[in-house]
Amino acid sequence: MEIDLSVDLAPGHKRGLLLRNPVMPASGTFSWGFEFEQHFGREGIERLGAVVSKGVTMEPRAGNRQPRVAETPAGMLNSIGLQNVGIRACIEELAPQWARWDTPVIVNIAGDTVDEFGEMARMLDGVPGIAGIELNISCPNVDTGGMEIGQSVEASARATRAAVRNTDLPVIVKLTPNVTDPVQLALACEAEGAAAICAVNTVLGMAIDIERRRPVLPRARGGLSGPAIKPIALRIVYDVAGAVRIPVIGCGGITTARDALEFLMAGASAVQVGTATFANPRALLDIIDGLEAWCAANGVTRLGDIVGCARPATVA
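Sequential numbering from 1 applies to the sequence shown in UniProt numbering.
Given below as C-alpha cells:
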C-alpha cells in the first residue's frame, strides 16, 4: 500500500513549503545538520521532512557560560544562550552546503529587536539552500529578544510583520508556552502573515544543587524540554490548531511515532523532535518509520487525513 506522508506547511503561499513527511528536528538540537549527515549519510538527511537550523543571530555569539544543561526527571534543562556563527556566515558558508540536499532547510532567526527580525529576513530572502524562516520569539535563555518579545502579543505581531514584509520566504513563528494565552499570540502572528505556527518552545524551569546550595545553571533558569512537557505542548497545539487557519507544527516531548500521532490528531500538520535525539540519534528516522508502519497497519493511505481527527467536531 502506497502511503502519502507529505505536508504543505505554507498552503497558498507564493513559494510554498512542501515536505515529504511531517518530521523535522527542533531548532537548537540538530546544529546545522552536518553531523547527522556524517552519521546517516545524505540518504538519511533526505529522508527528513525538513531541517531546522540552530537559532541564528545578527552577530556571532559565544553563548552562556557552563554548565548549560542539567538532566531532570523525564527531560532536561538547557541554557545554551543561542551560541551560533551569525547570519553572514550562515548565508556565506552554511547555505551553499544546504543547497546540496533535496530537503528543505528552515533557518531559525533570533533578533534582539523587532527591526532585527525584519533585517535578517531580508538578508535570507532569495538565498539558495534556504526554503523558509522560523522566528525565534520564544528563547528563554537570553537577555534581549527571544521570550521578551514572544510574551507580548503586540511585539510578536510586530516581529512577524517585519519578517513577512522583508522576504518572499514562508515565515513560521515559534511560540513560547510561558504565557497565559498562547492562542492570542498565534492569532496575532497569523493576522500579520505568518505561514505557520510552531508550538512550543521550552518551558521555563530550574534545578538546585543542594550541595552547593545554588542553582545548577549559572543563569538560574533554563528551558525545560523532553517528555515532561509533552502534555503541556499537546494542550497548546490542540488550542492553537482550533483557532488558526494556518498549519501548526507540534513540538515538545515527542519521542516516538505514537507521540507524533497524538500531536497530529490534536491538529498539528507536522512535528519537531528535539531532546529525544540526544538519547537516540535515530529518533527522527525511527518516528518516520513508525508513522509509515502505523498508517499501513490502520489502512491510512494519506497521513494528512488524520490531522485534527481528535478534535470535537470530528470525534465519532
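Using N, Cα and C, we set each Cβ at its ideal position, and we do this for glycine too.
The DSSP-derived three-state label of R258 is helix. Residue range F34 to I45 is occupied by the alpha helix (DSSP H) that includes Q38. Put simply, the backbone Cα of G253 is about 20 Å away from that of R311. Between the segment 206-215 and the segment 171-186 there are fewer than three inter-stretch CB-CB distances shorter than 8 Å, so the stretches are not counted as touching. Assignment of K14 by DSSP, reduced to helix, strand and coil, places it in the coil class.
By the criterion of a C-beta distance shorter than 8 Å, R42 is surrounded in its chain by R100 and W101, once the five residues flanking it on both sides are discounted.
One alpha carbon belongs to D143, the other to I249, and they sit about 26 Å apart. Around the Cβ of R245, a 10 Å sphere holds fewer than 16 other Cβ atoms; the residue is exposed. If you draw a straight line from the Cα of C90 to the Cα of G299, it is about 43 Å long.
Rounded to the nearest whole angstrom, the C-alpha separation of T255 and P281 is 11 Å. Secondary structure note for I246: it is in no alpha helix (DSSP H), with a DSSP letter that is neither H nor E. Around the Cβ of D115, a 10 Å sphere holds fewer than 16 other Cβ atoms; the residue is exposed. Between D4 and the set A233, A293 and A162, the nearest pair of CA atoms involves A293. A residue is called buried when at least 16 other Cβ atoms come within 10 angstroms of its Cβ; D125 does not meet this threshold and is exposed. Contact between S225 and G75 holds, with the beta-carbon distance rounding to 6 Å and staying under 8 Å. Residue pairing by DSSP puts M24 in a beta bridge opposite Q272. Annotation for V114: the continuous alpha helix (DSSP H) segment containing it runs V114 to L124. With a beta-carbon spacing of about 6 Å, I232 and V203 fall inside the 8 Å limit used to define contacts. By the CB criterion at 9 Å, V105 and G86 fall outside the cutoff. In this structure, the CA atom of P96 is about 6 Å from the CA atom of G129. Within the DSSP bridge table, the entry for C198 names K174 and I249 as partners. The C-alpha of G222 lies about 29 Å from the C-alpha of G242.
Apart from sequence neighbours up to five positions away, the residues of its chain that approach I80 with a beta-carbon distance below 7 Å are G28, G63, N64, R68 and N141, ordered along the chain. Distance between L291 and R47, taken at the CA atoms: about 13 Å. In the displayed model, D168 falls within coil according to three-state DSSP, outside both helix and strand. Between C251 and the set L284, W98 and A220, the nearest pair of CA atoms involves L284. Between F117 and L94, the C-beta spacing is not below 9 Å.
Rounded to whole angstroms, the separation of the alpha carbons of I45 and G33 is 8 Å.
Membership of G49 in any alpha helix (DSSP H) is not indicated, and neither H nor E is assigned to it by DSSP.
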